[in-house]
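The sequence shown runs 3 to 308 under our numbering.
C-beta atoms are modelled at their ideal positions from N, C-alpha and C, and glycine is treated no differently.
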Amino acid sequence: MTKKRNFSLLSHRAGAAFLAPAAALVGVFVLLPFFWVIFVSFTNRTLLGKTALSPDFVGLQNYFQLFDPATFFTRGQFGFSLILTTQFVLLSALVGQALLGLLLAWLMQTIPPALKRIVETAVIAAWILPEVVIGFAWFAFLDYDNGTLNMILRGLGLPAGDFLLQQPFWVIVIFNTWRGAAFSMMLFNSAFASIPPSYFQAADVAGASSWQKFRDIGLPLIRGHVVTDLILITMWTFNVFTPFILTNGGPSYRTELLSIYNYRIAFREFDFGKGAAVGVIIMLINLIFALIYLSFGRKKAKAVEE
Numbered sequence: 003m004t005k006k007r008n009f010s011l012l013s014h015r016a017g018a019a020f021l022a023p024a025a026a027l028v029g030v031f032v033l034l035p036f037f038w039v040i041f042v043s044f045t046n047r048t049l050l051g052k053t054a055l056s057p058d059f060v061g062l063q064n065y066f067q068l069f070d071p072a073t074f075f076t077r078g079q080f081g082f083s084l085i086l087t088t089q090f091v092l093l094s095a096l097v098g099q100a101l102l103g104l105l106l107a108w109l110m111q112t113i114p115p116a117l118k119r120i121v122e123t124a125v126i127a128a129w130i131l132p133e134v135v136i137g138f139a140w141f142a143f144l145d146y147d148n149g150t151l152n153m154i155l156r157g158l159g160l161p162a163g164d165f166l167l168q169q170p171f172w173v174i175v176i177f178n179t180w181r182g183a184a185f186s187m188m189l190f191n192s193a194f195a196s197i198p199p200s201y202f203q204a205a206d207v208a209g210a211s212s213w214q215k216f217r218d219i220g221l222p223l224i225r226g227h228v229v230t231d232l233i234l235i236t237m238w239t240f241n242v243f244t245p246f247i248l249t250n251g252g253p254s255y256r257t258e259l260l261s262i263y264n265y266r267i268a269f270r271e272f273d274f275g276k277g278a279a280v281g282v283i284i285m286l287i288n289l290i291f292a293l294i295y296l297s298f299g300r301k302k303a304k305a306v307e308e
């Protein structure tokens, strides 16, 4: 007689059965669109016209157009949006969100608990509210005719400013910094809370100032968290689309980040082939960020094991 094998929830077959629905969803909604976008980037597919149903294979023509030296630095072209996005990431993510979040997290360690809860609630609210709601709230705040900011300025006898028209790039930098600093603050706040209090108590006995405690104790012990925060907010900021609500990419393409440029090419001009090529480049850049993050995570795990 043959023995019947008992079905165990810990077996490989059971694990594969549980993972099959998730794997199917990933394949249909992630892998299939991924390869389809790569294929379309080598064609001249559009929404209308002859190439909508029967696109031609054009090879690397879409990529050559994106990196054409004659138009690369022109407003409204790929190169200008790529450079603008790089500046946006450096100012908004690395300088703005990371530093502001680090400063807020450090100050939170010294304020009374009641005030700390109020600050945490206000900062986290900026993070959890839907992006559309936040975008329209800022648009109403900065509106030239009836905006809250200009009403305050006029009430104080100061001249009103059309900030969305005169300084659109700095508006989206400040907006994204204000919204994204919450994540950095929460991450660094948890990191500082994990440091044994005896370290700071010993520094207090030695007469160390707040800056000295931050420089010599706090910052060295949360260095790994800083790197993690920088990588994550860089990826998120690089792909952010919310500034579109404030400026629509204008005026004169002055705030057309790479995500907004991709949207215009693919869904306004209906050049799916060229839009897909931009999407592939964005995916490759994100892949580089992801590999850096995974590499750092492995090094950190090995250091913990050792």
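Bridge partners - residue i, DSSP secondary structure assignment
{"i": "F59", "result": "T45"}
Simplified DSSP state of residue i, which is helix, strand or coil
{"i": "Y265", "result": "helix"}
{"i": "A72", "result": "coil"}
{"i": "P222", "result": "helix"}
{"i": "E258", "result": "coil"}
{"i": "F185", "result": "helix"}
{"i": "T150", "result": "helix"}
{"i": "R217", "result": "helix"}
{"i": "P23", "result": "helix"}
{"i": "A278", "result": "helix"}
{"i": "M3", "result": "Any reading at M3 must be qualified, since the residue scores a pLDDT of 47, below 50, and its modelled position is unreliable; the value itself is stated next. Of the three classes helix, strand and coil, the one that applies to M3 here is coil, per DSSP."}
{"i": "A128", "result": "helix"}
{"i": "N250", "result": "coil"}
{"i": "L155", "result": "helix"}
{"i": "S297", "result": "helix"}
{"i": "L33", "result": "helix"}
{"i": "G17", "result": "helix"}
{"i": "R77", "result": "coil"}
{"i": "S192", "result": "helix"}
{"i": "S212", "result": "helix"}
{"i": "V228", "result": "helix"}
Integer Cβ distance of residue i from residue j, believed to fall under 8 Å
{"i": "F194", "j": "W108", "result": "7 Å"}
{"i": "A183", "j": "Q99", "result": "5 Å"}
{"i": "A24", "j": "T239", "result": "With a Cβ gap of about 29 Å, A24 and T239 do not count as contacting."}
{"i": "F190", "j": "L93", "result": "About 19 Å; that fails the 8 Å criterion."}
{"i": "A176", "j": "I233", "result": "Reading off the sequence shown, one finds Ile at residue 176, where the question assumed Ala. Not really, about 23 Å apart at Cβ, beyond 8 Å."}
{"i": "T249", "j": "L166", "result": "6 Å"}
{"i": "I284", "j": "L259", "result": "The pair is not a contact, with the Cβ atoms about 11 Å apart (cut-off 8 Å)."}
{"i": "F274", "j": "V42", "result": "6 Å"}
Start-to-end residues for the alpha helix (DSSP H) that takes in residue i
{"i": "D206", "result": "P199 to V207"}
{"i": "I113", "result": "Where I113 is concerned, there is no enclosing alpha helix (DSSP H), given that its DSSP letter is neither H nor E."}
{"i": "Q89", "result": "F80 to F90"}
{"i": "E271", "result": "Taken as a continuous stretch (DSSP letters only), E271 belongs to no alpha helix (DSSP H), as it is neither H nor E."}
{"i": "G98", "result": "Here G98 belongs to no alpha helix (DSSP H), and DSSP marks it neither H nor E."}
{"i": "Q168", "result": "F165 to Q168"}
{"i": "L144", "result": "E133 to L144"}
{"i": "F243", "result": "It is not in any alpha helix (DSSP H) - F243 carries neither H nor E in the DSSP assignment."}
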